[in-house]
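Structure first, commentary second.
Numbering (our numbering), first residue to last: 15 to 257.
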């Protein structure tokens, strides 16, 4: 190894990408716009009220009233980091999801997706996957080198979703935080820019109308399409990623 490579491989031509500005993102099944209390809080609270369990692993919620949720959205809607999106399912027209970019570090080329909260009506839909694809696409096309996903290590649903979406498992940070008075170990996942072209093709193949039958059932599973791209699998998950 050359002396000048001992500290790491050079990254020629790297320029810090722009920070996300909250511009709308639109796909075949989902549309994302900057979260707004006045425009989205009532619809989101109504969709979220179907299950308090969606708040189990988030540091806030559940919210006892539409007014309380409106106040929370008002507090976070203008922040640059986390930068929150409201997610509309274009097949139903409903606003039923939220996600954000956070830990946005352009000078290092890293960005994270988090605060993901899908109402029951959004879960396991094409819109949910499309929303995650659109956010990943923006990050890599903007020039980020690393796209992260972190979750409570006890949240096996989130760990399964990360792997299905093509994130590679990187380990668990023990006692990373105290959330709602409880210990949180944090599981880390990431995709990097070298993996993006293959992941992009996997998402496009899965999201294609030809991948679904007349009843909307998938023909190929996204987890099968992304498996060859991932460099490591989560040992906490039994068997292949679903969906």
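We treat Cβ as the ideally placed atom computed from N, Cα and C, and that holds for glycine.
8 angstroms Cβ shell around residue i - same chain, five flanking residues per side excluded
| i | result |
| --- | --- |
| residue 28 | 123 and 159 |
| residue 246 | 182, 183 and 184 |
| residue 232 | 220, 225, 226 and 257 |
Cutoff 6 angstroms; reference residue i; Cβ partners in own chain excluding five residues on either side
| i | result |
| --- | --- |
| residue 117 | 126 |
| residue 72 | none |
| residue 5 | Here the chain has residues from 15 to 257 only, and residue 5 is not among them. |
| residue 193 | 73 |
Residue i burial status per 10 Å Cβ neighbour count (16 or more: buried)
| i | result |
| --- | --- |
| residue 244 | buried |
| residue 166 | buried |
| residue 111 | buried |
| residue 248 | buried |
| residue 79 | exposed |
| residue 34 | buried |
| residue 222 | exposed |
| residue 15 | Bear in mind that a pLDDT of 49 at residue 15, under 50, signals an unreliable position, so the number given afterwards is only what the model happens to contain. Exposed. |
Close Cβ partners of residue i (< 7 angstroms) along its chain, the five nearest in sequence each way excluded
| i | result |
| --- | --- |
| residue 206 | 159 and 160 |
| residue 113 | 99, 101, 127, 129, 130, 145 and 149 |
| residue 31 | 120, 123, 156, 157 and 158 |
| residue 188 | 199 |
| residue 154 | 161, 207 and 210 |
Inter-residue CB distance, residue i and residue j (contact presumed, cutoff 8 angstroms)
| i | j | result |
| --- | --- | --- |
| residue 133 | residue 68 | 7 angstroms |
| residue 108 | residue 57 | 7 angstroms |
| residue 217 | residue 115 | About 18 angstroms separates the two Cβ atoms, so there is no contact after all. |
| residue 20 | residue 36 | Contact doesn't hold; Cβ gap of about 41 angstroms is too wide. |
Residues that residue i bridges to, as DSSP identifies them
| i | result |
| --- | --- |
| residue 200 | 166 and 187 |
Cβ contact (3+ pairs, closer than 8 angstroms) linking the region 176–192 and the region 232–244: yes
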